[in-house]
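Since the structure comes first, as structure tokens, the remarks are kept for the end.
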Amino acid sequence: MPKQTELSKKLGYNIPYTVLIDPTSNCNLSCKGCWAGSYEKHNILSFEEVDRIITEAKELGIYFVAMSGGEPTLWLHLRELCRKHADVAFMIYTNGTLINSDTAKWMREAGNISPAISLEGGRETTDNRRGKGVYDKIMTCMDHLKEQGVIFGFSITITNENCEEAFSDAFIDHLIDKGALYGWSFHYIPIGSNPDFSRMINPEQRAALVDRVRQIRTSKPILIADFWNDGAFSHGCIAGGRRYFHITASGNVETCTFVHFAVDKIKAKSLKEVLTNPLFAAYQRKQPFSENMLRPCPLIDVPEELRAMISETNARPSYEGAETVLYDQTAEKYGYYSSGLEKKGRS
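Positions 3 to 349 (the working numbering) are the ones given, in order, by the sequence shown.
Below is the structure:
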């Protein structure tokens, strides 16, 4: 990070801490409400393209790379990439169903890759969204990783249906026993061509999570990051090239995993060039989007700011239907679900 800070001053634009890359949009599951479900399937970045991105990232001091998708374990070059860039730490968001004992073994031998395994709660809750039998496959995956000593975590999409279960002592303790050392909590965001607002956590649930997640962090041997309630720790939104940005399997350079707009494609430009794009500049110039750091997100907390940035930079939607998040009616619904943090964040 000292190198990133030094280069940011020298080059005149911000160097983020990490980059999130989707090497493939293919997936072996069809989970309900997937944030990537509206992306065109069968897009794949070549090994040469991802290799170039990471090589250029290291030149800027970026040595932590996250990968998502699609399902990143379906990308045929994952092991080769870890081997070539042994000085980079890779974290992959994965459904875990394709990680067997052999996979866990090569991950241990590589020593620089950590799976964050997606689930929704217990067996019934997970299988209801991800498919019958997926929960048991995840538990087997965790057993393989623990046996090999691979550092791994979990990733949960929080809805109004699984909010209490996912943060119960019983469930968290179970994941700790399985060997998980960290976790990512993502509040369900209705995006894409058919946004389903009925699954979003309500204002009271989101407000309660602020205290509950911090309680878990201080009382249990596991580190959980809460998007978006940890805005106070990150001093606002981390997207838009401030701390990270997103490269899709089609090469679109997006500000965020959940904001599906772009002005650049990585296939046509260098990493240095895309970091100077006007949409990133607008994101960083307008920070923080809210004085209340518990409401850091321009998509769900301050949607008028997102509309302004998209209009100002002429950013294009990554697929047909992505632009629905800009509609006034949609923005009003987002505002309701973040309203419970208004008083809490100022107290």
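We treat Cβ as the ideally placed atom computed from N, Cα and C, and that holds for glycine.
Using a threshold of 8 angstroms, state whether the C-beta atoms of Ile55 and Gln6 are closer than that.
It is not a contact, given that the beta carbons lie outside the stated cut-off.
Applying the 10 Å Cβ sphere with the 16-neighbour rule, what's the burial state of Asp138?
Looking at its Cβ environment, which holds fewer than 16 other Cβ atoms inside 10 Å, Asp138 is exposed.
Which of the three DSSP states is assigned to His189 in this structure?
If DSSP states are grouped into helix, strand and coil, His189 belongs with the strands.
Extract the residue ranges of the beta strand (DSSP E) inside the stretch 240-294, only unbroken runs of 3 or more that lie entirely within it.
List check, beta strand (DSSP E) in window: 254-256 and 263-267.
Please classify His44 as buried or exposed, where buried requires at least 16 other C-beta atoms within 10 Å of its C-beta.
His44 is exposed by the Cβ-count criterion.
Apply the 10 Å Cβ neighbour rule to Ser195 and answer buried if 16 or more other Cβ atoms are within range, or exposed otherwise.
For Ser195, the pLDDT reaches just 48, beneath the cut-off of 50, and the residue's location in the model is therefore unreliable, although a value from the coordinates is still provided. Ser195 is exposed by the Cβ-count criterion.
Alpha carbon to alpha carbon, what distance is there between Asn162 and Cys143?
Roughly 27 angstroms separates the two Cα atoms.
Please classify Leu177: is it buried, with 16 or more other beta-carbons within 10 angstroms of its beta-carbon, or exposed?
With 16 or more other Cβ atoms within 10 Å, it is buried.
From Ala283 to Lys269, what does the alpha carbon distance come to, in whole angstroms?
Roughly 20 angstroms between the two C-alpha positions.
Is DSSP giving Ser157 helix, strand or coil here?
DSSP places Ser157 in strand when its eight states are reduced to three.
Could you tell me the distance, in whole angstroms, from the CA atom of Gln217 to the CA atom of Ile226?
So the alpha carbons of these two residues sit roughly 10 angstroms apart.
Could you please give me the residues that DSSP links to Leu367 through a beta bridge?
Absent from the model: residue 367. The displayed extent of the chain is 3 to 349, so no value can be given.
Which residue comes first and which comes last in the beta strand (DSSP E) that contains Tyr389?
It is not possible to answer for residue 389, since the shown part of the chain is limited to 3 through 349.
Measuring straight from C-alpha to C-alpha, what distance separates Met141 and Thr99?
Computed Cα separation, rounded: 9 angstroms.
Just curious, the beta strand (DSSP E) that Phe229 is in, first and last residue?
Element bounds for Phe229: Leu225 to Phe229.
In whole angstroms, give me the CA-to-CA distance for Ala59 and Thr250.
Ala59 and Thr250: Cα-Cα distance of roughly 16 angstroms.
Measure the C-alpha to C-alpha separation of Lys12 and Cys33 and round it to an integer number of angstroms.
When rounded, the distance between both Cα atoms is 44 angstroms.
With DSSP collapsed to three states, give me the class of Pro117.
It is a strand residue.
Taking the CB atoms as reference points, tell me whether Ile203 and His189 lie closer together than 8 angstroms.
In this structure, His189 lies closer than 8 angstroms to Ile203 by Cβ.
Glu51 to Pro18, Cα distance in whole Å?
Those two C-alpha atoms are separated by around 19 angstroms.
Report the rounded CA-to-CA distance for Tyr246 versus Phe169, giving the unit in angstroms.
Near 26 angstroms, if we compare the C-alpha coordinates of Phe169 and Tyr246.
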